[in-house]
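Using full-length UniProt numbering, read the sequence shown as starting at 1 and increasing by one per residue.
Yeah, the Cβ is synthetic: ideal placement off N, Cα and C, and Gly gets one too.
Here is the structure we will look at.
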Amino acid sequence: TVLKELYLYSNGINEEGGIEIAKALKNKYNLTKLGLSNNRISEGGAIALADSLKGKMFLTKLGLESNTIGPDGIIAIANALDENTALIELYLSANSMKN
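Structure below.
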């Protein structure tokens, strides 16, 4: 059996957890949907996730709403989209996006 969808909503995942999830994702080519909403993923976790998006991932949906991601993390994710054309749904609402 191949894991195609993983939802880890409201699990208290912090920056370190986000980094570890990003590391695990680097070779998970079959995962198409990842939900990490309502956690405590911040800049470092978001930047690590952005880095994993640059790989040969086939992720089509990524939910990161209601975390603590700031501008640098959001920018890193946006920049990663230049190298990832598979992602078609990205949710980032209710984060710490300030100037």
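- Under the 10 Å beta carbon count, G12 is surrounded by fewer than 16 other beta carbons and is classified as exposed.
- Judged by DSSP secondary structure, L34 falls within the beta strand (DSSP E) whose first and last residues are 33 to 35.
- In this structure L62 is buried. Its beta-carbon is surrounded by 16 or more other beta-carbon atoms within 10 angstroms.
- Here the C-alpha atom of N67 lies approximately 19 Å from the C-alpha atom of A80.
- Secondary structure remark: continuous beta strand (DSSP E) runs of at least 3 residues inside the region 37 to 97, in chain order: 61 to 63, 89 to 91.
- Between G45 and G18, the beta carbon gap of about 2 Å places them in contact (Cβ cut-off 8 Å).
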